[in-house]
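Student:
Residue numbers (this note's numbering): 11 to 378.
#1: What first and last residue would you give for the beta strand (DSSP E) that runs through residue 144?
#2: Take residue 84 and list the residues in its own chain whose beta-carbon comes closer than 8 Å to its own, dropping the five residues that flank it on each side.
#3: Please report how far the alpha carbon of residue 188 lies from the alpha carbon of residue 159, in whole angstroms.
#4: Measure the C-alpha to C-alpha separation of residue 282 and residue 273 and round it to an integer number of angstroms.
#5: Going by beta carbon distance, what residues of the same chain come within less than 7 Å of residue 222, once the five residues before and after it are set aside?
#6: Specify, as a first and last residue, the run of the beta strand (DSSP E) that residue 236 falls within.
#7: Is the CB-CB distance between residue 31 and residue 357 below 8 Å?
#8: Check whether the Cβ atoms of residue 249 and residue 233 lie closer than 8 Å to each other.
#9: Between the stretch 316-331 and the stretch 122-129, do at least 3 Cβ pairs fall closer than 8 Å?
#10: Using 8 Å as the threshold, is the stretch 134-145 in touch with the stretch 160-172, meaning 3 or more CB pairs across them?
#11: Apart from the five residues just before and just after residue 295, which ones in its own chain have a Cβ nearer than 6 Å to its Cβ?
#12: Between which two residues does the alpha helix (DSSP H) carrying residue 297 extend?
#13: Is it a yes or a no for the stretch 359-377 touching the stretch 327-346, going by three-plus beta-carbon pairs under 8 Å?
#14: On the CB-based measure, 16 or more other CB atoms within 10 Å of its CB, does residue 181 come out buried or exposed?
#15: Rounded to a whole number of angstroms, what is the C-alpha to C-alpha distance between residue 241 and residue 186?
#16: Using the C-alpha atoms, what's the distance from residue 124 back to residue 74?
#17: From what residue to what residue does the alpha helix (DSSP H) around residue 150 run?
#18: If you run the structure through DSSP and keep just helix, strand and coil, what is residue 35?
#19: Going by CA-CA distance only, name the one from 103, 107 and 47 that's closest to residue 113.
#20: Distance, Cα to Cα, residue 194 vs residue 70?
#21: Let me check one thing: in DSSP terms, what residues is residue 354 bridge-paired to?
#22: Can you tell me the Cβ-Cβ gap for residue 372 and residue 22, rounded? I've got them flagged as a contact below 8 Å.
#23: Where does residue 379 sit, in a helix, a strand or coil, going by DSSP?
#24: Give the DSSP-derived three-state secondary structure of residue 379 in the structure shown.
#25: Is DSSP giving residue 312 helix, strand or coil here?
#26: Does the beta-carbon of residue 381 have 16 or more other beta-carbons within 10 angstroms, so that it is buried, or is it exposed?
#27: What's the call for residue 26, buried or exposed, on a 16-neighbour Cβ count within 10 Å?
#28: When the Cα atoms are used, what is the spatial distance from residue 47 to residue 374?
#29: Roughly how many angstroms lie between the CA atoms of residue 56 and residue 109, to the nearest whole one?
#30: Quick check on the burial criterion: 16 or more other C-beta atoms within 10 angstroms. Buried or exposed for residue 177?
#31: Taking the beta strand (DSSP E) that residue 100 falls in, what are its first and last residues?
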């Protein structure tokens, strides 16, 4: 398996998909590193620290489920108990309606709605007044780091109407920014402290957090995107948003991590050392009703043999039924097979068709 993994990565490095990558496939963490941290640069280290972006969602979900397991919160608790900014939400009469055409929400946003991307907030995939309002307010999701602190971001989002009734449809991303803030509000601690106590310390994830310490900044590679003339740097190595000190409260932001840390997290999750079997199985079970899986909720074809659990996508049919996982927008990905096989891939190149093609190959390797 390691030879096939190495050959796959090397072929894509040679083709210019990414300057380098680290990955592992198997029950145990056996890192394979190929290529360089930057074109013409130093070899990419297996212990490099990566901006994992939306791979944060599974960690945040497990932290919330730990609080559920401990009786601190319940899945159907209204989040307005701790986020009063969301207490009087209004819903558009239809997702593409003018912003003034709203009605009061018939039910509150709950913890479950955040975990399943069904809060009413999220990415708008088609042009609409709400999508433009999200752009104007600076709360549209994108590849760049957040540009304001958690409270300012929450207030800007709460000032906008919901696209749909909570629990009535699925839209990506923003629910998990809200969940990050909620973790701190529920416990009256920083979100980083909550993640430390519920996930990072029990598992042993010393290099995972919102910010890279200055003394470890040399392990953070640059980030890139494909441009007309090849790879273009989008974030610097060893500097920028993710290197301490944090520019503001980043409770709604996304994490950095390593291959070893993330593998330890997934192994502990699968083995039942983080949450009990019932919650673990719910996490990796489709939690979205068929009526909510509309064609405009995400990219075309997303719902084909796919569902969404708590912070992860799940395969609902076919040879890999029961597989769960998710990606990060800067070229990171993981999935876990029903037999416990774990695949993690990490580079720092913005997602595009080349990275997606590589990820499809990795998914094929896990069944080889």
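Beta carbons: idealized from backbone N, C-alpha and C, even for Gly.
Tutor: So, from the data block:
#1: Taken as a continuous stretch (DSSP letters only), residue 144 belongs to no beta strand (DSSP E), being part of the alpha helix (DSSP H) at 139-147.
#2: 78 and 121
#3: 12 Å
#4: 14 Å
#5: 59, 230, 252, 253, 254 and 266
#6: 233-237
#7: yes
#8: no
#9: yes
#10: yes
#11: 319
#12: Here residue 297 belongs to no alpha helix (DSSP H), and DSSP marks it neither H nor E.
#13: yes
#14: buried
#15: 30 Å
#16: 10 Å
#17: Neither: residue 150 is in no alpha helix (DSSP H) and is coded neither H nor E.
#18: strand
#19: 103
#20: 11 Å
#21: 34 and 344
#22: Actually they are not in contact, since the Cβ atoms of residue 372 and residue 22 sit about 10 Å apart, beyond 8 Å.
#23: In the structure displayed, the chain extends from 11 to 378; residue 379 sits before or after that span and is not available.
#24: With the chain represented from 11 up to 378, any question about residue 379 goes unanswered, as that position is not in the structure.
#25: coil
#26: Because the chain in this structure spans residues 11 to 378, residue 381 falls outside the shown range and cannot be described.
#27: exposed
#28: 26 Å
#29: 48 Å
#30: buried
#31: 100-102
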